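Numbering (full-length UniProt numbering), first residue to last: 1 to 210.
Beta carbons are placed, not taken as given, at the ideal position from N, Cα and C, and that holds for glycine.
Model, not experiment: these values are computed from the prediction.
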């Protein structure tokens with residue numbers, strides 16, 4: 001499950017099963033976003049049953065949160081989340097294929113750390129810099145010291161895992177950028193041009209014949 005702070009672009013990752021129910025999603029929110037950031041004023045989600053259930057509506061009302069839902073049949077309104085999901089899913093797929101790892105959930109912390117420590121093109125800042133005014137210290141920033149063999153082994157393992165996560169995210173982001181460049185079409189409209197609108201998924205009022 002992916003939560004994103006729209007202001008800073010910080011992500012919160014939570015491992016879960018595919019058939020997650022509303023209460024489990026609320027617990028995931030509590031253990032990730034709420035634990036570190038407190039209650040947001042607004043939560044935006046898609047129109048899936050998971051976050052549009054009676055439970056979540058009561059949760060919003062109780063917590064004083066304003067729920068915003070994306071436009072039906074228009075996933076682009078959730079563009080920030082969709083982009084993050086695309087990159088993270090592909091990165092995890094690359095990671096699992098390359099390293100034959102079944103404990104992918106143990107690596108989520110490394111993917112999250114790399115994402116939140118990476119400069120975003122839209123701001124030229126990292127999510128951590130936007131939130132805290134500085135980057136957080138990670139194992140990467142520590143200098144080798146005279147420590148016990150066990151501690152040094154843990155540090156080395158974390159550094160290796162961070163490198164693996166960074167490489168997978170880089171490859172995934174690069175592949176997505178190439179795909180988007182191939183799909184992007186430059187359209188120009190002039191005043192007076194006619195534009196066709198599909199009404200397939202629009203609920204329009206029926207006209208009553210007299």
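Here residue 7 carries a coil assignment [DSSP, helix/strand/coil]. In this structure, residue 13 lies away from residue 87, with their beta-carbon atoms at least 9 Å apart. Straight-line measurement puts the Cα of residue 132 at about 12 Å from the Cα of residue 36. If you ignore the 5 residues before and after residue 129, its C-beta comes within less than 7 Å of the C-beta of 135, all in its own chain and listed in chain order.
Cβ atoms of residue 83 and residue 46 stay farther apart than 8 Å, at about 14 Å. Contact annotation, residue 3 with residue 33: C-beta distance approximately 5 Å; criterion of less than 8 Å satisfied. Taking 9 Å as the cut-off, the Cβ atoms of residue 81 and residue 39 do not count as close.
The continuous stretches of beta strand (DSSP E) do not include residue 102, and DSSP gives it neither H nor E. By the C-beta criterion, the region 51–65 is judged not to be in contact with the region 88–108, since fewer than 3 inter-stretch pairs fall below 8 Å. The beta carbon of residue 29 sits closer than 7 Å to those of 3, all from its chain and outside the five residues before and after it, given in chain order. When only Cα atoms are considered, residue 197 and residue 187 end up about 16 Å apart. Looking at 44, 85, 99, 10, the one whose alpha-carbon comes closest to that of residue 67 is 44. Counting along the chain, residue 53 sits inside no alpha helix (DSSP H), nor does DSSP assign it H or E at all. Contact annotation: residue 55 and residue 17 have beta-carbon atoms that are not nearer than 9 Å.
Assignment of residue 108 by DSSP, reduced to helix, strand and coil, places it in the helix class.
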